[in-house]
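Residue numbers (our numbering): 45 to 389. Yeah, the Cβ is synthetic: ideal placement off N, Cα and C, and Gly gets one too. The structure displayed is predicted, hence computed values, not measured ones. Here's the structure, in structure tokens; my notes come after.
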Amino acid sequence: MLSTPPSASTVVSSSLLVLSLSLFSCAGQQTSPEITQLEHQARARAETQAINRQLTAAVLRTATASTSHTVEEYRLGPGDVLDISVFQVEELNRKVRVNGAGSIILPLLGEVRVGGMTSGGVEAVLAHQLGKDYLNNPQVSVFVDKYRSQQITVMGAVQNPGVYNIRKPRTVLEMLSESGGLTAQAGIRVYVQTATKNPQTGEHISQNYIIDLKQLLENGDPQSNPVLRGNDSIHVPEAGVVFVEGAVRRAGAYPMEGEMNILKAIAMAGGTLFEAKEGSIQVFRQNELGKKIVDVDLRAIRDNRQNDIVLQEGDIIVVRSNALKKGFVGFWRGLTGIFSVGKSI
Numbered sequence: 045m046l047s048t049p050p051s052a053s054t055v056v057s058s059s060l061l062v063l064s065l066s067l068f069s070c071a072g073q074q075t076s077p078e079i080t081q082l083e084h085q086a087r088a089r090a091e092t093q094a095i096n097r098q099l100t101a102a103v104l105r106t107a108t109a110s111t112s113h114t115v116e117e118y119r120l121g122p123g124d125v126l127d128i129s130v131f132q133v134e135e136l137n138r139k140v141r142v143n144g145a146g147s148i149i150l151p152l153l154g155e156v157r158v159g160g161m162t163s164g165g166v167e168a169v170l171a172h173q174l175g176k177d178y179l180n181n182p183q184v185s186v187f188v189d190k191y192r193s194q195q196i197t198v199m200g201a202v203q204n205p206g207v208y209n210i211r212k213p214r215t216v217l218e219m220l221s222e223s224g225g226l227t228a229q230a231g232i233r234v235y236v237q238t239a240t241k242n243p244q245t246g247e248h249i250s251q252n253y254i255i256d257l258k259q260l261l262e263n264g265d266p267q268s269n270p271v272l273r274g275n276d277s278i279h280v281p282e283a284g285v286v287f288v289e290g291a292v293r294r295a296g297a298y299p300m301e302g303e304m305n306i307l308k309a310i311a312m313a314g315g316t317l318f319e320a321k322e323g324s325i326q327v328f329r330q331n332e333l334g335k336k337i338v339d340v341d342l343r344a345i346r347d348n349r350q351n352d353i354v355l356q357e358g359d360i361i362v363v364r365s366n367a368l369k370k371g372f373v374g375f376w377r378g379l380t381g382i383f384s385v386g387k388s389i
């Protein structure tokens, strides 16, 4: 019995069916925007928690090591409160605050300059002045009751931004840990401003540093972890953004939470569309020499994550479209539109 050859319309219908199933299969693999957003937020929290754990571990290592800044004595300044006692002379015992001029006022002695001195230095000065005119071999003790003059400001994307009183010089990592660690919105670069006093002129000279926090935590280089003193500051800016354009589900700007690479950025944009040319993705980057274009093969990155690229703030990822696939998608949408109109009629 001879079989009847399929008609042209049957062949076209079958082809359309196969292609549509392929499209639906690709679409079925896409994750809904809500789930993608939740997954992104979970990854960002996990990355931040990992950085904060590294931060705590680094501070603990520093605390157990012998570093030069841990033995430097506290220098008194305006706002500090001193607890002064003179052995067997109770009427001279009192708590006094260092005034704006860096001085304290005491009975018998009047105004005494203490700004910039250590508590041991103040003990020696008071004992000398009391012994010179009033007491025989006085025993003076000076303790810092409240530390107020030496303060470091921590601003930006940390858990507890604010002004922190310090009793001794502190490193950048110590202050970040003291402020509760980073938030999920934090970038990986930390801006530090220090004030160094010129010994010849007495003038304070500001110095600015940009620290790559991830690199510092991985390398553990003490030279990259500056020691901070009173009036220094730390600013942790929120992460910048990268832009994803072209054949992705949700083109737009996305925050650089943690380390951002090509795979992560495209995942945040909902993944590539059916018509995407995954072997020909471009990254546009502006630098001091002008605009730089980097060609990327997304398939090669999926095969080997080491081929991925770490993105910088302001990078633009363009996922180009395959003209044939894009044309078919347009045709299919038009065709499904006709079928839906016919069905409604």
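In three-state terms, what does DSSP make of residue i?
i    : result
G314 : coil
A239 : strand
V207 : strand
G154 : strand
I325 : strand
V338 : strand
Q259 : helix
T227 : coil
R22  : Since the first residue shown for the chain is 45 and the last is 389, residue 22 is missing from the structure and cannot be characterised.
V133 : coil
S193 : coil
Q350 : helix
E303 : coil
Going by C-alpha distance, which of the options is nearest residue i?
i    : options                   : result
V142 : L152, V125 and F131       : V125
A283 : T92, I196, E357 and S324  : E357
E262 : R97, A86 and A90          : R97
Y118 : V166, A90 and Q251        : V166
A201 : A309, V280 and I306       : V280
D352 : Q259, A309 and R364       : A309
N275 : L307, Q237 and I254       : Q237
Q132 : A88, N180, M161 and G144  : N180
L307 : G290, L342 and D256       : L342
A239 : Q350, E247 and L152       : E247
V234 : S250, Q251, Q244 and V216 : V216
L120 : N252, R105 and Q195       : Q195
Q16  : R349, R273 and R89        : No answer is possible for residue 16: it lies beyond the span of the chain, which begins at 45 and ends at 389.
M161 : D177, N366 and S193       : S193
N22  : E289, E322 and G315       : Because residue 22 is not part of the residues shown, which for the chain are 45 to 389, the question remains open.
L317 : Q330, G290 and K335       : G290
N209 : N305, L260, G164 and L272 : L272
I345 : K335, L99 and N305        : N305
Taking the C-alpha atoms as reference points, what is the distance between residue i and residue j?
i    : j    : result
Q93  : Q183 : 52 Å
V207 : I149 : 28 Å
G123 : V140 : 10 Å
F328 : V340 : 11 Å
M312 : E218 : 33 Å
V115 : Q326 : With a pLDDT of 49 at V115, under the threshold of 50, the modelled position of this residue cannot be trusted; read the value that follows with caution. Each residue's alpha carbon lies about 53 Å from the other.
S277 : V103 : 18 Å
V363 : M300 : 19 Å
V285 : S250 : 29 Å
V288 : E303 : 16 Å
I254 : G231 : 12 Å
K387 : D359 : Only weak support is given to the placement of K387: the predicted model assigns it a pLDDT of 49, under 50, and the value that follows is read from those uncertain coordinates. Roughly 46 Å separates the two Cα atoms.
D177 : S147 : 20 Å
R214 : G164 : 21 Å
Could you pull the DSSP bridge partners for residue i from this structure?
i    : result
R138 : I128
H279 : M199 and Y235
I345 : In DSSP, I345 forms no bridge with anything.
T215 : V271
A391 : Here the chain covers residues 45 to 389 and nothing more, so residue 391 does not appear.
E247 : Answer by DSSP bridge pairing: none, since E247 is not bridged.
Could you tell me whether the stretch 227 to 234 touches the stretch 140 to 159, using the rule of 3 or more Cβ pairs below 8 Å? no
Check whether the stretch 134 to 141 and the stretch 289 to 296 touch, using three or more Cβ-Cβ pairs below 8 Å as the test. Taking 8 Å as the limit for Cβ pairs, the verdict is that the stretch 289 to 296 does not touch the stretch 134 to 141.
Touching by the beta-carbon criterion (3+ pairs, under 8 Å), the stretch 259 to 268 and the stretch 186 to 196: no
Count Cβ pairs between the stretch 213 to 222 and the stretch 169 to 177 that sit closer than 8 Å; are there 3 or more? They do not touch, by the three-pair rule.
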